[in-house]
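Taking it in order: structure first as C-alpha cells, then the write-up.
Protein chains: 4
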Amino acid sequence: MRKICVVITARASYSRIKTVLTAIHAHPKLALQIIVTGSALVDRYGNIIPYLEAENLPVSAVIPNLLDVESDTASAKTTGLAVIELATFFANHRPDVVVTVADRFETIATAIAAVNMNIPLAHIQGGEITGNIDDRIRNSISQLADLHFVATENARARLMYWGLSPQKVHYTGCPSIDLVFQHKDYDFNPYEIYGGVGSQPDLNDPYLIVLQHPVTTEKGHSKWQINNTLHAIAALNMPGIWFWPNADPGTAGTAQGIRAFRDQHPDFPFHFFKNMESGHFIQLLKNCACIVGNSSVGIRECSALGIPAVNIGSRQLGRERGPNVVNCIPDTEAILSAIKRQLAHGRYPQVTLYGKGDAGEHIAGHLATIPFILKKHLLPA
Amino acid sequence: MRKICVVITARASYSRIKTVLTAIHAHPKLALQIIVTGSALVDRYGNIIPYLEAENLPVSAVIPNLLDVESDTASAKTTGLAVIELATFFANHRPDVVVTVADRFETIATAIAAVNMNIPLAHIQGGEITGNIDDRIRNSISQLADLHFVATENARARLMYWGLSPQKVHYTGCPSIDLVFQHKDYDFNPYEIYGGVGSQPDLNDPYLIVLQHPVTTEKGHSKWQINNTLHAIAALNMPGIWFWPNADPGTAGTAQGIRAFRDQHPDFPFHFFKNMESGHFIQLLKNCACIVGNSSVGIRECSALGIPAVNIGSRQLGRERGPNVVNCIPDTEAILSAIKRQLAHGRYPQVTLYGKGDAGEHIAGHLATIPFILKKHLLPA
Amino acid sequence: MRKICVVITARASYSRIKTVLTAIHAHPKLALQIIVTGSALVDRYGNIIPYLEAENLPVSAVIPNLLDVESDTASAKTTGLAVIELATFFANHRPDVVVTVADRFETIATAIAAVNMNIPLAHIQGGEITGNIDDRIRNSISQLADLHFVATENARARLMYWGLSPQKVHYTGCPSIDLVFQHKDYDFNPYEIYGGVGSQPDLNDPYLIVLQHPVTTEKGHSKWQINNTLHAIAALNMPGIWFWPNADPGTAGTAQGIRAFRDQHPDFPFHFFKNMESGHFIQLLKNCACIVGNSSVGIRECSALGIPAVNIGSRQLGRERGPNVVNCIPDTEAILSAIKRQLAHGRYPQVTLYGKGDAGEHIAGHLATIPFILKKHLLPA
Amino acid sequence: MRKICVVITARASYSRIKTVLTAIHAHPKLALQIIVTGSALVDRYGNIIPYLEAENLPVSAVIPNLLDVESDTASAKTTGLAVIELATFFANHRPDVVVTVADRFETIATAIAAVNMNIPLAHIQGGEITGNIDDRIRNSISQLADLHFVATENARARLMYWGLSPQKVHYTGCPSIDLVFQHKDYDFNPYEIYGGVGSQPDLNDPYLIVLQHPVTTEKGHSKWQINNTLHAIAALNMPGIWFWPNADPGTAGTAQGIRAFRDQHPDFPFHFFKNMESGHFIQLLKNCACIVGNSSVGIRECSALGIPAVNIGSRQLGRERGPNVVNCIPDTEAILSAIKRQLAHGRYPQVTLYGKGDAGEHIAGHLATIPFILKKHLLPA
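This is how it looks when you write it as C-alpha cells:
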C-alpha cells in the first residue's frame, strides 16, 4: 500500500480536493494520511474537522499554527512553523507521496518539507494563472513538485513549456468540479444547520451569493473594497447569502467593513455564514441567480454550472474562464452595473473547461500506479 | 537611501556575492543590511563573520538556526526557523529589497519571508541548470522573485522563456567571477593562516585541489563516493589541498570517509582546510594543476581561469560549462583516468561565459535605480 | 552602561512596569532595550507601541508571535516561538540583564531564553500567590531568576523561605502602584480619545468599572462566567465602563458572551473599551464607585486608592489583599449582592501593602549597582 | 487505560527512567507513549532508538530538534522547538499524564507544553540539589509539576518545605538505581558490541571509568578541564574506559581536548565509547576500580554499588552523596591524588540513599491510581 499524505491548510482547499480524498481513501492500493493545519483548524475561518468526520475521512494529525492575522509576519511565521512540524510528521509517518493543493501562501510549506526530506511531491492545480501574488506561490510549488495534476489543458501546456517532463504532468480536470457533477437540488435549511447571522431570505426566490476575500497585495484596501461591494449590493436591494472572508492578510479590514455595515443596516436582506459543507454550498450555488465577489468559485465551479458570475478586482485577473464571467473594478457603480447585466442575462451554457467530474478518481488512479523513481524525477526531462 | 538586505546562509554563498556586498556598501544611495545565518555561522562549515569583519562589511544580525545535520529533518527545520526569524528581522528593519543567492535548500526561506511580507525580492544566479535537486530550489525561488540578476545569457533566455518580464531579468554575469579578475598571484602561507591538518605540500610544485560535497539526493552514498575519490587521488600520489564538505545532508558520511582514510593513510600528501578567505582561495585555484570534485567552482570560476577541472558525478550535471571541464562518474578508475587526462592537457583558454568581472557593480547599480512598484511586479509580464 | 533588556508580552504587563521603564531610561548608567511581543502587539488585545512612543520609550525590537487563540496549543506555541526569537535578540544585542514581569504564561519564555544564554535574569512581582495556574508560572520563573524585585514583604519572606539568598531578593513595592501615586484627577474625554462602542455614561455621576478575564484552567466556562457578571450588572442598572478581556485561553467565550449580550441589550448603559493608556485608566479608576471582575487591579492598585472591589471567582483567590476587597463566586446573585454591599460601603482607607510609589526608581537603582557575578548567582545561597 | 506520555531528551535520561518505562508498559491499566527528542536522537550523543527497540518499548514519536551545538543560542532554540512540537503531539494524542525527568535544559520544554495544555505533569528526580545551573531548571520544573516522584527523603522534605502538598510528592527512590539492583556480572565483550576507538584493556584487570561532561556555566573552560583530567589519568598509567561527553554547551571543547590528546598519545591505555546500553554500562561500572569525572553516576549509582568515585569540579557540587565520593577541583595534581586515594581505599559499603531498586514499579503504580483532578492540583495545598 502506498501511503499518500494530503496536507489541507484552509477550508477552500478542502472543498477543492474532497473527491481526491474520497477516491484515495476508497482505493485498495492506497492508504490515506490527512494532515489538517493553518486556518482549516480555526472555527471562524471554517474548521474542517467536522466535515472530515462526517465523511469518515481519517485525520492523521492536526497541526495548529495560524498566527493571529493582524501581524504582517503572520503568514510567513505560519509557513515557517508548518515546514518545521510537517517535517516531523513526515519523519514519523514516512508517506510515499505528499500531496499539496493550489496556491495559498502556506501550501509552499508542504512542498518545502517534502522536498527537503526527499519525498515525492504531487501538486494539484498547478500551471494556472490568476494574475496576482498567488501565481508566484503556485508556480514556485510547481517547480518543487515531482508530479502535477492540472485542471485545464492550458495549464498542462504551460508546465510543458517550462520544460517539465510529459510523464510528470497529468491533465485530470479540477477535483472541485467533481462536486458540481455530484450535486443534488437544494433540499436543506441552511439557517438551521449552519446558524449564522442576519436576515433569512427564502431561497426559493432569486438570490445572490457573495464571496469576497481580501487581496493579499492590496490588504490596506480591503475595508474600502468590501464597502464598495456592500453598497452596490445594498443599492440592488436583492436578498442573498454572504460568506465571511478567509484568513489572508487584510481579513480584519474585510470583516470590520462587514460588521460596521451590518450595524448601520440592520435590515440588510442578507444572511451571513462562516462556513458550509461543500455539498450544501454547491446546492446553494446551483440555485442562485448570480455569484458576486472574487472567489475562484465564480470562475471554476460556475463555469460547469452556467451560473452568472461578477468577478471584482484583481484577485482572479488572469484565471482562465468560460463565458459566464463578467469582470469589474472594485467600484460601487461598476459592481452594481455588472450584477444587473448578469441578472438580465440569466444562466449560461455549461462548459467543461475545468474538467468533467472525474478528477478525484483520475488522481487516485495515477497515485496508485505511477512509478516513483525519485532520482529520475530530480533530473530534468 | 534604499535599504538592501542580503541574507547569507553558507560559506559558498558568501564567496559568490562578495563583490555585490562591497559594491552595495560603497554605493552612496544604498544602505547595506547583512544577515548571517545557517551554516555560515558554524565554525566547522566556515563561519564567515571574521571575513565580513575583515572587509569592514556590516553585520546587521546573526540568526543561528542550523540543526544538527544528522537528522533528515534538519534541512527542513533549518529552513522553517529561517522563515520565522527572517520575517521578524524584516518587520523590524523594513528593507526596501531583499537579496537571496543561488540555490541552497535554505535560501528559499529568504524568498518566502520576503514574499509573505510584500518586500521586493532579488535573486542572484537564477535561470541556471545543474541537473540535480538544486534546480528545483533555484527555479522555485525564480518564480517567487521580483528581480533577477543572472550569470549567463542562457540563464536569462530561460527565465524569459518562462514568461518573466524582460525588465525584471538582468544579465550581469556572476559575482563570483569578479573575484577571479581581482586575483593576485599566490603570495601567502595557507598553513600558517588557516591551520588545518595533514601534509604541507610545497605549493610552488604542481598540486591538485579537491572539493567534493555530498549529493543531497544520494546522501546514503556520500561515504562510498568520497572513498572512490580518495582512492583515485591516492593512486595518483600527487600532493594537494583538500577542502572539507559543506553542511548538506550526507556530510557526515563524507566527513567520516575522509577521517577514516586519513587514519589509514597517515602519509597521504594532502593538506585539509575547513575554510579560506575567497581571495586566498582564488590564489590557490589559479595556481593549481587541476581541480577535482563536484563544486561549481570547477565549472564557473575555472572557466574564467582556464584551469582544468574534473567534475565527478551528478551534482553539476546540467550546469553550463566551458571547454575546461571533463566529467566522470564517481568511480575510482574513472576519476583517476579523468585527472590524468586533464594533467596531460594543462591549461585551457579563458572564456567569459559567466561574466567579465563587473557583476557586483552592475547589480548594485540596478538595485539603486530600478523602480520598485510592487504591485506591477506581481502582475505577469 | 549596563544594557537592561525588558520584555513586554501584554498590555497589562506594560502598565505594571511603566515606571520601571521610565526610570531605567532616565538613569545615566543604564541603557534600556525594550522588546514588545505576544498580545502586546495585537490591536484587539491592546497594542502598546503607541503608548511607548507617546512616552518616548525606545522599542528595540518587535517580535510578533501570538498564535490564533482558538487553539489549545496557542499558548504553548507562542511561548516556544518566543524562546527561539528572544534567544536571537539576546545573541545580537547582548543585554547585561534581562527583566521579565509577573506571571503570564509566555513570560517564562523570557526566563528560559536568558538562562540558556547565561544572561542574568531579573524578575518583578515574584513570590506572590494568586491561587491559580499563574502561581506555577510565577514560581517557576522565580526559580530561574538571578534577581528578584518583589511587591510585598510577604512575597520577599516566601522567596527567602525557599532558600534564595537575601542579596538576591529586594522588596521594592509594585511598580504598578507607582502610577496610582502619580495620578491626576479625571480630566479627559475617554470616548473621544479611545472610541469604543456602547452607551456613553456621564463619568461625573457614579459608575462601575468591569474587567473580567477568562480563567485559564476554566476556559470552557468563560462564556457562562461572563454572562453571570453581565446579568448581575444589568440587574443593577448602573452605568459603567467595561474593558475587553485579554488574550488568555477562553477569551473567545468571554468575547462572544459580551457580543451576544450587547446584541440583545442595545440599551445596556455601559461603554466598552479595548485598551487605555495607564494614566487615563488610573484616572477612571480613582473616580469610580466600585471595580468588578477578576483583574488584579481591584486588589493591587485599588488597595492604594481605597476603591471598593468585587473580586469574582478563582482567578485572584490567593492574592494578598487589603480591606477594600469583597470576594464572590461567579454567580449572578452573588455578584449582584457583593456589588450592592460595596456601593453601600463606599471608599476604604488607603493602604501601602503593595508599595509606596517609588518602586520604579528603586528597581532601576538596583539594576545599576548590583554586582553581577553570574557564577555566584548560580550557586545556592 | 490512562495514557502516560514520557518525553526522553538525552541518553542519560533514558538510563534514569528505563525501569519506569518498563513498569508502565507492563502495567495493565497504563498505556505508554514515548517521545524521543533532542540529543537522544543523534548518534554521536547516543541515539536511544535501538535500545528502546531492543526492549520492545514503543516509540510514539521522534521529534528531531537539536541545533548544532556550536551556537550559544542552541540550547534555547532546541527548547523552544520542543515546546512547539510537544504541544502538537499532546493535541493529537491527548495523554492523561506527561512525565518529564531530571534537570537537563530542554526538559523544561516538556513541562511548559504540558502546563499550557492543562495536562497533569509528573516530574521524576525533583527536589535534589547539585549546586549548578541544573538546580534552577530542576526547581523550575518542580514548580510547574502536579506530581513529584523523588529519589531521596531529603528531596521530598525540600519540596514539602516549599509548600507543596504531601499528596503530590512521593518518595519512590531513583529509577536509575533499580538497574543497579538488576545487574548481572560482567559477561560481554564491549569492544565487539559497541566498537569505539583506542586501546582495548583487559577488563578482568583493574580499570577506571571516566565520564566527564562540560559544565554549562563554565563552557569556555571545558577544553582546559578535560585536559587536566586526561593528564592526571595519563600520569596514573592505568587502563580504562572513557565515555564521550553529552551535548551540553562546551561539548565541542571537551571533544576537541580528547581528540587532540589521543592524537598526541597513541598508546593511551583507554578505550573510548560513545554510548552503551545501560545494563552493560552497569556491568562495567560494577566491575571497575574507580569512576572519575563529573557524572551523577559516581554519586547515585555508585552509592548503591559501593564503587569509589572521584567527583571533579562544580557540576555535582551540592548533590546528596554517600561515603564513596571524594571531591576534587579540576586540577591535574588534585585529580591524580584523589584517584590514588580512592584506589588505595577500594570498595565502600553499599547504601540505599537513592532507593532500594523498586522505583520504577512504585512510580507506575502511583500513575495508575492517583486521582487526577486537575483543578485541585492547581490550587495551593
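Residue numbers (the UniProt record's numbering), protein chains in the order written: chain W, 1 to 381; chain G, 1 to 381; chain E, 1 to 381; chain S, 1 to 381. Glycine residues also receive a C-beta, built at the ideal position from the N, C-alpha and C atoms.
For this session: Run the CB neighbour count on ASP178(W), radius 10 Å, all protein chains shown included, and call it buried at 16 or more, exposed below.
Result: As a position in the first sequence, residue 178(W) is number 178, starting the count at 1. A residue is called buried once 16 or more other Cβ atoms fall within 10 Å of its Cβ, and ASP178(W) is buried on that count.
For this session: List the endpoints of the continuous beta strand (DSSP E) containing TYR171(W).
Result: Residue 171(W) sits at position 171 when you count from the first residue of the first sequence. TYR171(W) -> beta strand (DSSP E) spans 169-171.
Exercise. With contact counted as at least three CB pairs below 8 Å, one residue from each stretch, are the segment 9-21 of chain W and the segment 44-59 of chain E in contact?
Worked result: These segments do not touch.
Exercise. Could you give the distance in angstroms between the alpha-carbon of ALA344(G) and the alpha-carbon of ILE307(G)?
Worked result: On the second sequence, position 344 is the one that residue 344(G) refers to. On the second sequence, position 307 is the one that residue 307(G) refers to. About 12 Å.
For this session: Determine the direct distance from the alpha carbon of LEU367(G) to that of ASP146(G), and round the result to whole angstroms.
Result: To locate residue 146(G), count along the second sequence from 1; it is residue 146. To locate residue 367(G), count along the second sequence from 1; it is residue 367. The straight-line gap from Cα to Cα measures roughly 12 Å.
Exercise. Ordered along the chain, which non-local residues of its own chain (more than five positions away) have a Cβ less than 8 Å from that of THR107(G)?
Worked result: As a position in the second sequence, residue 107(G) is number 107, starting the count at 1. VAL7, THR9, SER13, THR100, VAL101, ILE137 and ILE141.
Problem set entry | Length of the line joining the Cα atoms of ARG341(S) and ASN237(S) | Here residue 341(S) corresponds to residue number 341 of the fourth sequence, with the count starting at 1. Here residue 237(S) corresponds to residue number 237 of the fourth sequence, with the count starting at 1. Approximately 15 Å, taken between the alpha carbons.
Problem set entry | chain W contact residues for VAL42(E), given Cβ-Cβ distances below 9 Å | Here residue 42(E) refers to the residue found at position 42 of the third sequence. Near VAL42(E) (Cβ distances below 9 Å), the residues of chain W are ASP68, GLU70 and SER71.
Exercise. Nearest to ILE35(G) by CA position, among SER71(G), ALA76(G), ARG156(G) and ALA109(G), is which residue?
Worked result: Walking along the second sequence from the start, residue 35(G) turns up at place 35. If you compare the alpha carbons of SER71(G), ALA76(G), ARG156(G) and ALA109(G) with that of ILE35(G), the shortest gap goes to ALA109(G).
Problem set entry | Within chain G, the residues that VAL83(W) reaches when beta carbons sit closer than 7 Å | Numbered from its first residue, the first sequence carries residue 83(W) at position 83. Within 7 Å Cβ-Cβ: ALA76, THR79, GLY80 and VAL83.
Problem set entry | Test: ASN92(E) CB closer than 8 Å to a CB of chain G | To locate residue 92(E), count along the third sequence from 1; it is residue 92. Taking 8 Å as the CB threshold, ASN92(E) lines the interface with chain G.
For this session: Pull up the DSSP beta-bridge partners for GLN342(E), would you.
Result: Within the third sequence, the letter at position 342 stands for residue 342(E). The secondary-structure analysis by DSSP pairs GLN342(E) with nothing; it has no beta-bridge partner.
Exercise. If you draw a straight line from the alpha carbon of ARG11(W) to that of PHE372(G), how long is it in whole angstroms?
Worked result: As a working note, residue 11(W) is residue 11 in the first sequence. As a working note, residue 372(G) is residue 372 in the second sequence. Their Cα atoms are separated by approximately 34 Å.
Exercise. If you drop the 5 nearest sequence neighbours on each side, which residues of the same chain put their C-beta closer than 6 Å to that of PHE149(G)?
Worked result: Along the second sequence, one-based indexing puts residue 149(G) at 149. Result list for PHE149(G): ILE124, HIS170, THR172 and ILE363, in chain order.
Problem set entry | ALA109(S): first and last residue of the uninterrupted alpha helix (DSSP H) it sits in | As a working mapping, residue 109(S) is identified with position 109 in the fourth sequence. For ALA109(S), the enclosing alpha helix (DSSP H) covers residues 107-116.
Exercise. Using a C-beta to C-beta distance shorter than 7 Å, which residues of chain E count as neighbours of GLN143(S)?
Worked result: Along the fourth sequence, read from residue 1 onward, the residue named residue 143(S) stands at position 143. Near GLN143(S) (Cβ distances below 7 Å), the residues of chain E are ARG136, ASN139, SER140 and GLN143.
Problem set entry | Cα-Cα separation, THR332(G) to ALA74(S) | If you number the second sequence from 1, residue 332(G) lands on position 332. If you number the fourth sequence from 1, residue 74(S) lands on position 74. Between THR332(G) and ALA74(S), the C-alpha separation is close to 40 Å.
Exercise. Roughly how many angstroms lie between the CA atoms of TYR186(S) and GLN264(G), to the nearest whole one?
Worked result: Taking the first residue of the fourth sequence as position 1, residue 186(S) is located at position 186. Taking the first residue of the second sequence as position 1, residue 264(G) is located at position 264. Those two C-alpha atoms are separated by around 33 Å.
Problem set entry | Own chain partners of ARG156(G) with C-beta closer than 7 Å, once the 5 adjacent residues on each side are dropped | Residue mapping note: residue 156(G) aligns to position 156 of the second sequence, counting from 1. So the list reads GLY127, VAL150, VAL169 and TYR171, once near-sequence residues are dropped.
Exercise. So what does ALA31(E) bridge to, in DSSP terms?
Worked result: On the third sequence, position 31 is the one that residue 31(E) refers to. ALA31(E) is bridged by DSSP to LYS3(E).
Problem set entry | Rounded separation between GLN212(E) and GLY318(S) - CA only | Residue mapping note: residue 212(E) aligns to position 212 of the third sequence, counting from 1. Residue mapping note: residue 318(S) aligns to position 318 of the fourth sequence, counting from 1. Their Cα atoms are separated by approximately 45 Å.
For this session: Could you tell me whether the Cβ of THR100(S) comes closer than 8 Å to any Cβ of chain W?
Result: Counted from its first residue, the fourth sequence places residue 100(S) at position 100. For THR100(S), no CB of chain W lies under 8 Å from its own CB, so it is not counted at the interface with that chain.
Exercise. Can you name the start and end residues of the alpha helix (DSSP H) that TRP224(W) belongs to?
Worked result: Mapped onto the first sequence, residue 224(W) falls at position 224. First-last of the alpha helix (DSSP H) with TRP224(W): 222-236.
Exercise. In chain W, which residues lie less than 9 Å from ILE63(S) when you measure between Cβ atoms?
Worked result: Start at 1 with the first residue of the fourth sequence, and residue 63(S) comes out as number 63. Within chain W, the residues near ILE63(S) are THR88, ALA91 and ASN92.
Problem set entry | Those runs of the beta strand (DSSP E) which lie wholly inside the segment 114-152 of chain W and span at least 3 residues | The DSSP assignment places 121-124 and 147-150 as complete runs of the beta strand (DSSP E) inside the segment 114-152 of chain W, in order along the chain (cut-off: 3 residues).
For this session: Determine the extent of the alpha helix (DSSP H) in which PHE90(G) is found, giving its start and end residues.
Result: As a position in the second sequence, residue 90(G) is number 90, starting the count at 1. From DSSP, the alpha helix (DSSP H) with PHE90(G) extends over 74-93.
Exercise. THR100(G) bridges to which residues according to DSSP?
Worked result: Taking the first residue of the second sequence as position 1, residue 100(G) is located at position 100. Partner residues in the beta bridge of THR100(G), as assigned by DSSP, are HIS123(G).
Problem set entry | When ILE233(E), SER39(E), ALA304(E) and VAL62(E) are compared against ILE267(E), the one with the closest alpha-carbon | Counted from its first residue, the third sequence places residue 267(E) at position 267. One detail in the question is off: residue 267(E) reads as Asp in this sequence, not Ile. Considering only alpha carbons, the answer is ILE233(E).
Exercise. Can you tell which of PHE105(G), PRO166(G), ASP72(G) and VAL310(G) has its C-alpha closest to the C-alpha of ASN92(W)?
Worked result: Reading the first sequence from its first residue, position 92 is the one you call residue 92(W). The residue with the shortest Cα to Cα distance from ASN92(W) is ASP72(G).
Exercise. In angstroms, rounded to a whole number, what distance separates the CA positions of GLU320(W) and ILE84(S)?
Worked result: As a position in the first sequence, residue 320(W) is number 320, starting the count at 1. As a position in the fourth sequence, residue 84(S) is number 84, starting the count at 1. One C-alpha to the other measures close to 41 Å.
Problem set entry | C-beta contact flag for ARG262(S) and GLY196(S) at 8 Å | On the fourth sequence, position 262 is the one that residue 262(S) refers to. On the fourth sequence, position 196 is the one that residue 196(S) refers to. One thing to note: ARG262(S) has its Cβ no nearer than 8 Å to the Cβ of GLY196(S).
For this session: Following the continuous alpha helix (DSSP H) through SER296(W), name the residue where it begins and the one where it ends.
Result: Residue 296(W) sits at position 296 when you count from the first residue of the first sequence. No alpha helix (DSSP H) holds SER296(W); DSSP gives it neither H nor E.
Exercise. Hey, out of VAL97(S), LEU67(S), LEU230(S) and ASN287(S), whose CA is closest to GLN336(S)'s CA?
Worked result: Residue 336(S) sits at position 336 when you count from the first residue of the fourth sequence. Position check: residue 336(S) holds Leu in this sequence, whereas Gln was assumed. Looking at the Cα atoms, LEU230(S) is the closest of the given residues.
Exercise. So, using beta-carbon positions, are VAL215(G) and ASN132(G) closer together than 8 Å?
Worked result: Locating residue 215(G) in the second sequence gives position 215, where the first residue counts as 1. Locating residue 132(G) in the second sequence gives position 132, where the first residue counts as 1. The answer is yes: Cβ separation under 8 Å.
Problem set entry | Pick from PRO239(E), PRO245(E) and THR152(E) that is closest to ILE299(E), judged by C-alpha positions | For the purposes of this step, residue 299(E) is taken as residue 299 along the third sequence, with counting starting at 1. Minimum Cα distance to ILE299(E) is reached at THR152(E).
Problem set entry | DSSP three-state assignment for CYS328(E), whether helix, strand or coil | Along the third sequence, read from residue 1 onward, the residue named residue 328(E) stands at position 328. Here CYS328(E) carries a strand assignment [DSSP, helix/strand/coil].
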